[in-house]
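Engineer: Residues -29 to -1, 1 to 309 in mature numbering (1 follows the signal peptide of the UniProt record, and there is no 0) are what the sequence shown lists, from first letter to last. Glycine included, C-beta positions come from ideal geometry on N, C-alpha and C. Quick one: structure below, then a few questions.
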Amino acid sequence: MQSSSWSRPRPPRLPLLLLLSLSPWPVWAQVSAMASPSGSLGAWDCPEVCTCEPGGLATCSALALPAVPAGLSLRLRELLLDHNHLRALPPGAFAGAGALQRLDLRENGLHSVHVRAFWGLGALQLLDLSANQLEALAPGTFAPLRALRTLSLAGNRLARLEPAALGALPLLRSLSLQDNALAALAPGLLARLPALDALHLHGNPWACGCALRPLCAWLRRHPLPTSEAEAALCVWPGRLTLSPLTAFPDAAFRHCAQPLALRDLAVVYALGPASFLVSVAACLALGSVLTACSARRRRRAAALRRPRRPRDPDSDPDPHCSVPPADPGIPAAAAARA
(Lines of atoms letter the chains of each structure in order from A and count residues from 1; the text may use other names and numbers.)
(Lines give C-alpha, C1' and ligand atoms only; values in the text may rest on other atoms or scores of the structure.)
Protein backbone atom coordinates (compact mmCIF):
# COMPACT_ATOMS: atom_id res chain seq x y z
CA MET A 1 0.00 0.00 0.00
CA GLN A 2 1.38 3.34 -1.07
CA SER A 3 1.56 6.26 1.23
CA SER A 4 -0.77 9.16 0.67
CA SER A 5 2.20 11.44 0.13
CA TRP A 6 3.03 9.65 -3.07
CA SER A 7 -0.43 10.28 -4.43
CA ARG A 8 -0.34 14.04 -3.55
CA PRO A 9 -0.07 16.08 -6.77
CA ARG A 10 3.21 18.05 -7.17
CA PRO A 11 3.15 21.78 -7.96
CA PRO A 12 3.96 22.66 -11.55
CA ARG A 13 7.66 23.70 -12.11
CA LEU A 14 7.26 25.40 -15.48
CA PRO A 15 6.06 28.82 -14.18
CA LEU A 16 8.95 28.95 -11.68
CA LEU A 17 11.51 28.22 -14.40
CA LEU A 18 9.99 30.82 -16.68
CA LEU A 19 10.13 33.41 -13.87
CA LEU A 20 13.79 32.72 -13.20
CA SER A 21 14.75 32.81 -16.87
CA LEU A 22 12.95 36.10 -17.53
CA SER A 23 14.38 37.92 -14.47
CA PRO A 24 16.79 40.79 -15.46
CA TRP A 25 19.17 39.95 -12.57
CA PRO A 26 19.04 36.20 -11.91
CA VAL A 27 18.77 35.11 -8.36
CA TRP A 28 21.75 32.81 -8.65
CA ALA A 29 23.91 35.73 -9.84
CA GLN A 30 22.99 37.69 -6.73
CA VAL A 31 23.86 34.74 -4.54
CA SER A 32 27.20 34.25 -6.26
CA ALA A 33 28.06 37.95 -5.90
CA MET A 34 27.27 37.84 -2.19
CA ALA A 35 29.46 34.76 -1.81
CA SER A 36 32.39 36.21 -3.79
CA PRO A 37 35.88 35.26 -2.58
CA SER A 38 36.67 38.89 -1.79
CA GLY A 39 34.48 38.67 1.31
CA SER A 40 33.71 42.08 2.77
CA LEU A 41 35.25 43.73 -0.30
CA GLY A 42 32.89 43.23 -3.20
CA ALA A 43 33.79 43.86 -6.84
CA TRP A 44 32.65 47.48 -6.49
CA ASP A 45 35.13 48.10 -3.65
CA CYS A 46 38.30 46.59 -5.09
CA PRO A 47 40.46 48.39 -7.69
CA GLU A 48 40.25 46.59 -11.01
CA VAL A 49 43.95 45.74 -11.26
CA CYS A 50 44.26 44.52 -7.68
CA THR A 51 43.31 41.34 -5.86
CA CYS A 52 41.15 41.76 -2.79
CA GLU A 53 40.83 39.41 0.12
CA PRO A 54 38.60 39.20 3.19
CA GLY A 55 39.32 41.73 5.88
CA GLY A 56 39.92 44.66 3.52
CA LEU A 57 43.29 43.65 2.01
CA ALA A 58 44.02 44.88 -1.53
CA THR A 59 47.15 43.44 -3.13
CA CYS A 60 48.50 45.49 -6.03
CA SER A 61 52.14 44.39 -5.84
CA ALA A 62 54.51 44.08 -8.82
CA LEU A 63 52.02 45.21 -11.46
CA ALA A 64 54.22 47.94 -13.02
CA LEU A 65 51.64 50.54 -11.98
CA PRO A 66 52.67 54.14 -12.84
CA ALA A 67 50.16 55.66 -10.41
CA VAL A 68 47.98 54.78 -7.45
CA PRO A 69 44.97 52.84 -8.79
CA ALA A 70 41.61 54.54 -8.79
CA GLY A 71 38.56 53.26 -6.98
CA LEU A 72 39.91 53.09 -3.44
CA SER A 73 37.21 52.36 -0.90
CA LEU A 74 36.48 53.11 2.72
CA ARG A 75 36.44 49.34 3.29
CA LEU A 76 40.17 49.11 2.55
CA ARG A 77 42.31 48.34 5.56
CA GLU A 78 45.58 47.28 3.88
CA LEU A 79 46.93 48.42 0.51
CA LEU A 80 50.05 46.77 -0.93
CA LEU A 81 51.61 48.83 -3.74
CA ASP A 82 55.19 47.61 -3.45
CA HIS A 83 57.44 46.88 -6.45
CA ASN A 84 55.62 49.17 -8.87
CA HIS A 85 56.66 52.29 -10.83
CA LEU A 86 55.22 55.09 -8.70
CA ARG A 87 57.74 57.88 -9.30
CA ALA A 88 55.74 60.58 -7.47
CA LEU A 89 52.75 60.84 -5.15
CA PRO A 90 50.40 63.71 -6.10
CA PRO A 91 48.04 65.58 -3.74
CA GLY A 92 45.22 63.37 -2.47
CA ALA A 93 46.80 60.24 -3.95
CA PHE A 94 44.79 58.00 -1.60
CA ALA A 95 41.48 59.84 -1.60
CA GLY A 96 38.59 57.60 -0.62
CA ALA A 97 40.68 55.27 1.57
CA GLY A 98 40.12 57.09 4.83
CA ALA A 99 40.01 53.86 6.89
CA LEU A 100 43.36 52.58 5.59
CA GLN A 101 45.62 51.25 8.34
CA ARG A 102 48.59 49.80 6.44
CA LEU A 103 50.24 51.18 3.29
CA ASP A 104 53.21 49.51 1.60
CA LEU A 105 55.09 51.59 -1.00
CA ARG A 106 58.43 49.78 -1.05
CA GLU A 107 60.66 49.75 -4.14
CA ASN A 108 58.74 52.09 -6.39
CA GLY A 109 61.54 54.46 -7.38
CA LEU A 110 59.77 57.34 -5.61
CA HIS A 111 61.50 60.68 -6.18
CA SER A 112 58.99 63.04 -4.61
CA VAL A 113 56.04 63.00 -2.22
CA HIS A 114 53.69 65.96 -2.31
CA VAL A 115 53.02 67.62 1.02
CA ARG A 116 49.31 66.71 0.67
CA ALA A 117 49.83 63.17 -0.63
CA PHE A 118 48.71 61.52 2.63
CA TRP A 119 45.80 63.81 3.42
CA GLY A 120 42.76 61.93 4.65
CA LEU A 121 44.72 58.97 6.07
CA GLY A 122 44.09 59.77 9.70
CA ALA A 123 43.71 56.07 10.60
CA LEU A 124 46.99 54.92 9.03
CA GLN A 125 49.21 53.01 11.47
CA LEU A 126 51.98 51.60 9.25
CA LEU A 127 53.70 53.35 6.33
CA ASP A 128 56.57 51.73 4.44
CA LEU A 129 58.51 54.02 2.08
CA SER A 130 61.73 52.02 2.11
CA ALA A 131 63.99 51.26 -0.87
CA ASN A 132 63.02 54.35 -2.86
CA GLN A 133 64.96 57.41 -4.07
CA LEU A 134 63.72 60.15 -1.76
CA GLU A 135 66.25 62.93 -1.17
CA ALA A 136 64.07 65.38 0.78
CA LEU A 137 60.68 65.57 2.44
CA ALA A 138 58.61 68.74 2.52
CA PRO A 139 57.53 70.17 5.89
CA GLY A 140 54.20 68.72 6.96
CA THR A 141 54.39 65.60 4.79
CA PHE A 142 53.44 63.24 7.65
CA ALA A 143 51.49 65.74 9.76
CA PRO A 144 48.04 64.22 8.93
CA LEU A 145 49.13 60.75 10.11
CA ARG A 146 48.33 61.25 13.79
CA ALA A 147 47.68 57.52 14.33
CA LEU A 148 50.96 56.38 12.74
CA ARG A 149 52.89 53.83 14.80
CA THR A 150 55.51 52.52 12.35
CA LEU A 151 57.34 54.54 9.68
CA SER A 152 60.12 53.20 7.47
CA LEU A 153 62.30 55.54 5.41
CA ALA A 154 65.14 53.06 5.08
CA GLY A 155 67.12 52.71 1.89
CA ASN A 156 66.54 56.20 0.50
CA ARG A 157 68.88 59.15 -0.19
CA LEU A 158 67.92 61.41 2.69
CA ALA A 159 70.79 63.70 3.70
CA ARG A 160 68.71 65.74 6.13
CA LEU A 161 65.44 65.13 7.94
CA GLU A 162 63.75 68.23 9.32
CA PRO A 163 61.46 68.07 12.37
CA ALA A 164 58.76 69.84 10.38
CA ALA A 165 58.70 66.98 7.85
CA LEU A 166 57.72 64.41 10.48
CA GLY A 167 55.63 66.81 12.50
CA ALA A 168 54.28 65.79 15.87
CA LEU A 169 53.50 62.05 15.74
CA PRO A 170 52.35 61.21 19.28
CA LEU A 171 51.89 57.46 18.70
CA LEU A 172 54.96 56.68 16.56
CA ARG A 173 56.89 53.83 18.17
CA SER A 174 59.25 52.66 15.41
CA LEU A 175 61.28 54.79 12.98
CA SER A 176 63.62 53.22 10.42
CA LEU A 177 66.31 55.54 9.01
CA GLN A 178 69.02 53.06 8.09
CA ASP A 179 70.89 53.14 4.79
CA ASN A 180 70.46 56.82 4.01
CA ALA A 181 72.92 59.74 3.77
CA LEU A 182 72.32 61.23 7.21
CA ALA A 183 75.26 62.81 9.04
CA ALA A 184 73.16 64.08 11.97
CA LEU A 185 69.57 64.56 13.06
CA ALA A 186 68.16 68.07 13.25
CA PRO A 187 67.67 69.37 16.80
CA GLY A 188 64.16 68.84 18.07
CA LEU A 189 63.27 65.97 15.74
CA LEU A 190 63.23 63.23 18.39
CA ALA A 191 61.66 65.52 20.99
CA ARG A 192 58.44 65.58 18.96
CA LEU A 193 58.15 61.77 19.05
CA PRO A 194 57.29 61.02 22.70
CA ALA A 195 56.28 57.37 22.15
CA LEU A 196 59.34 56.41 20.06
CA ASP A 197 61.24 53.43 21.47
CA ALA A 198 62.72 51.76 18.36
CA LEU A 199 65.13 53.67 16.13
CA HIS A 200 67.16 52.07 13.32
CA LEU A 201 70.26 54.07 12.40
CA HIS A 202 72.95 51.87 10.83
CA GLY A 203 74.21 52.45 7.32
CA ASN A 204 74.43 56.26 7.57
CA PRO A 205 77.60 58.41 7.42
CA TRP A 206 77.12 59.84 10.92
CA ALA A 207 79.71 62.53 11.70
CA CYS A 208 81.16 62.47 15.21
CA GLY A 209 80.70 65.96 16.60
CA CYS A 210 78.46 68.38 18.44
CA ALA A 211 75.59 67.84 16.00
CA LEU A 212 75.15 64.31 17.38
CA ARG A 213 74.45 65.52 20.91
CA PRO A 214 70.60 65.24 20.77
CA LEU A 215 70.79 61.79 19.18
CA CYS A 216 73.33 60.48 21.70
CA ALA A 217 71.23 61.86 24.56
CA TRP A 218 68.20 59.99 23.21
CA LEU A 219 70.22 56.78 22.86
CA ARG A 220 71.27 56.95 26.51
CA ARG A 221 67.61 56.99 27.52
CA HIS A 222 66.58 54.34 24.96
CA PRO A 223 69.34 51.71 24.67
CA LEU A 224 69.51 50.00 21.28
CA PRO A 225 69.72 46.24 20.86
CA THR A 226 73.28 44.98 20.83
CA SER A 227 73.37 44.26 17.10
CA GLU A 228 71.95 47.69 16.27
CA ALA A 229 74.26 49.50 18.68
CA GLU A 230 77.34 47.84 17.20
CA ALA A 231 76.30 48.78 13.65
CA ALA A 232 75.45 52.45 14.41
CA LEU A 233 78.85 54.12 13.95
CA CYS A 234 80.10 57.65 13.34
CA VAL A 235 83.34 58.80 11.71
CA TRP A 236 85.55 61.61 13.01
CA PRO A 237 86.04 64.43 10.46
CA GLY A 238 89.46 64.18 8.85
CA ARG A 239 90.11 60.75 10.32
CA LEU A 240 89.33 57.15 9.53
CA THR A 241 88.36 56.30 13.09
CA LEU A 242 84.90 54.91 13.71
CA SER A 243 83.11 55.15 17.05
CA PRO A 244 79.77 53.71 18.19
CA LEU A 245 77.09 56.31 18.75
CA THR A 246 76.41 54.80 22.15
CA ALA A 247 80.00 55.44 23.31
CA PHE A 248 79.57 59.19 23.83
CA PRO A 249 78.61 60.30 27.36
CA ASP A 250 77.25 63.76 27.96
CA ALA A 251 80.70 64.87 29.19
CA ALA A 252 82.02 64.41 25.66
CA PHE A 253 79.95 67.38 24.55
CA ARG A 254 81.04 69.87 27.23
CA HIS A 255 82.96 71.91 24.68
CA CYS A 256 79.85 72.31 22.55
CA ALA A 257 77.59 75.31 22.79
CA GLN A 258 74.62 74.65 25.00
CA PRO A 259 71.24 74.91 23.26
CA LEU A 260 68.97 77.64 24.51
CA ALA A 261 66.26 76.64 26.94
CA LEU A 262 62.63 77.49 26.26
CA ARG A 263 62.78 80.33 28.77
CA ASP A 264 65.83 81.79 27.06
CA LEU A 265 64.18 81.49 23.67
CA ALA A 266 61.11 83.31 25.01
CA VAL A 267 63.30 86.14 26.31
CA VAL A 268 65.09 86.38 22.97
CA TYR A 269 61.86 86.47 21.00
CA ALA A 270 60.39 89.06 23.36
CA LEU A 271 63.38 91.40 23.55
CA GLY A 272 64.53 91.00 19.97
CA PRO A 273 61.79 93.03 18.26
CA ALA A 274 61.76 95.61 21.08
CA SER A 275 65.51 96.18 20.89
CA PHE A 276 65.28 96.44 17.12
CA LEU A 277 62.62 99.15 17.32
CA VAL A 278 64.60 101.06 19.96
CA SER A 279 67.73 100.95 17.83
CA VAL A 280 65.79 102.20 14.79
CA ALA A 281 64.32 105.09 16.80
CA ALA A 282 67.76 106.00 18.16
CA CYS A 283 69.25 106.00 14.68
CA LEU A 284 66.46 108.25 13.39
CA ALA A 285 66.93 110.70 16.28
CA LEU A 286 70.71 110.81 15.84
CA GLY A 287 70.32 111.31 12.13
CA SER A 288 67.92 114.20 12.66
CA VAL A 289 70.35 115.89 15.07
CA LEU A 290 73.29 115.50 12.70
CA THR A 291 71.23 116.83 9.79
CA ALA A 292 70.17 119.90 11.78
CA CYS A 293 73.74 120.64 12.89
CA SER A 294 75.04 120.28 9.34
CA ALA A 295 72.39 122.68 8.01
CA ARG A 296 73.24 125.23 10.70
CA ARG A 297 76.95 125.09 9.83
CA ARG A 298 76.16 125.57 6.15
CA ARG A 299 74.04 128.67 6.88
CA ARG A 300 76.79 130.18 9.05
CA ALA A 301 79.47 129.58 6.40
CA ALA A 302 77.25 131.13 3.75
CA ALA A 303 76.75 134.22 5.91
CA LEU A 304 80.51 134.68 6.37
CA ARG A 305 81.19 134.40 2.66
CA ARG A 306 78.52 137.03 1.72
CA PRO A 307 80.22 140.41 0.46
CA ARG A 308 79.46 143.76 2.26
CA ARG A 309 77.45 146.33 0.33
CA PRO A 310 79.32 149.74 -0.39
CA ARG A 311 78.09 152.83 1.53
CA ASP A 312 75.94 155.23 -0.45
CA PRO A 313 77.08 158.91 0.08
CA ASP A 314 73.61 160.23 -0.46
CA SER A 315 72.37 158.22 2.39
CA ASP A 316 75.05 159.48 4.81
CA PRO A 317 73.28 161.33 7.66
CA ASP A 318 76.26 163.72 8.24
CA PRO A 319 77.08 165.68 5.08
CA HIS A 320 80.21 167.18 6.73
CA CYS A 321 81.79 163.79 7.04
CA SER A 322 81.30 163.00 3.40
CA VAL A 323 84.29 163.07 1.05
CA PRO A 324 83.81 165.44 -1.91
CA PRO A 325 83.90 163.83 -5.27
CA ALA A 326 87.30 163.92 -6.93
CA ASP A 327 87.88 166.07 -9.98
CA PRO A 328 88.64 163.92 -12.94
CA GLY A 329 91.44 166.34 -13.98
CA ILE A 330 93.26 166.27 -10.62
CA PRO A 331 95.34 163.30 -9.78
CA ALA A 332 94.23 161.17 -6.90
CA ALA A 333 97.29 162.03 -4.74
CA ALA A 334 96.77 165.81 -5.19
CA ALA A 335 93.14 165.49 -4.41
CA ALA A 336 94.02 163.69 -1.26
CA ARG A 337 96.46 166.50 -0.22
CA ALA A 338 93.87 169.14 -0.93
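Given G126, which residues of its chain have a CB within under 8 Å of its CB, disregarding the five upstream and five downstream residues?
Structural biologist: Correct list, in chain order: S101, A102, N103, Q149, D150 and N151.
Engineer: Does the separation of the CB atoms of A135 and G111 fall below 8 Å?
Structural biologist: In contact: A135 and G111 (Cβ atoms closer than 8 Å).
Engineer: May I ask you to verify whether the segment 221 to 228 touches the segment 193 to 210, counting CB pairs closer than 8 Å and requiring at least 3?
Structural biologist: Segments in contact, no.
Engineer: Tell me the DSSP secondary structure of Q1 in three-state form.
Structural biologist: Note on Q1: pLDDT 36, under 50, position unreliable in the model; no value is reported.
Engineer: For G138 and H171, I'd like the C-alpha separation in whole angstroms.
Structural biologist: Between G138 and H171, the C-alpha separation is close to 19 Å.
Engineer: R48 and Q72 look like a contact to me (Cβ under 8 Å); what is the Cβ gap, rounded to whole Å?
Structural biologist: Confirmed, Cβ separation roughly 5 Å.
Engineer: Under 8 Å between the Cβ atoms of D53 and L76?
Structural biologist: Going by C-beta atoms, D53 is nearer than 8 Å to L76.
Engineer: In its own chain, which residues sit with a C-beta less than 6 Å from the C-beta of A182, not counting the 5 before and 5 after it?
Structural biologist: Only A155 meet the Cβ criterion.
Engineer: Along the chain, where does the alpha helix (DSSP H) containing P185 start, and where does it finish?
Structural biologist: R184 to R192 is the span of the alpha helix (DSSP H), which, as asked, contains P185.
Engineer: Within the same chain, show all residues whose beta-carbon is closer than 6 Å to that of W(-5), passing over the 5 residues directly before and after it, in chain order.
Structural biologist: With a pLDDT of only 38 at W(-5), under 50, the local geometry of the prediction cannot be trusted, and the value read off the model is given with reservation. If we look at W(-5) and ignore the five residues flanking it on each side, it has no Cβ neighbours.
Engineer: By the three-class DSSP mapping on this structure, what secondary structure does T262 have?
Structural biologist: Correct three-state label for T262: helix.
Engineer: Got a sec? Which residues, its chain only, sit under 6 Å from L97 by beta carbon, not counting five neighbours each side?
Structural biologist: Answer for L97: R73 and T121, listed in chain order.
Engineer: Taking only three categories from DSSP, how would you classify P(-21)?
Structural biologist: Any reading at P(-21) must be qualified, since the residue scores a pLDDT of 43, below 50, and its modelled position is unreliable; the value itself is stated next. Residue state, collapsed to three classes: coil.
Engineer: Quick one: grab the DSSP three-state call for E49.
Structural biologist: Looking at E49 - three-state DSSP - the assignment turns out to be strand.
Engineer: Would you list the residues sitting across from V206 in a DSSP beta bridge?
Structural biologist: A178 and L213.
Engineer: Going by other Cβ atoms of all chains shown within 10 Å of its Cβ, with 16 needed for buried, is S147 buried or exposed?
Structural biologist: Buried, by the Cβ-count rule.
Engineer: Using three-state DSSP, classify T197 as helix, strand or coil.
Structural biologist: It is helical.
Engineer: Going by DSSP, which residues form a beta bridge with T30?
Structural biologist: DSSP, once it has assigned bridges, lists T22 and L51 as partnering T30.
Engineer: By the three-class DSSP mapping on this structure, what secondary structure does residue 310 have?
Structural biologist: Nothing about residue 310 can be reported from this structure: the residues present for the chain run from -29 to 309 only.
Engineer: Give the single residue among A94, G93, G159 and L124 whose Cα lies nearest to the Cα of V84.
Structural biologist: When only C-alpha atoms are compared, the closest one is L124.
Engineer: With respect to the beta strand (DSSP E) encompassing L122, which residues constitute its N-terminal and C-terminal limits?
Structural biologist: Here the beta strand (DSSP E) through L122 covers T121 to S123.
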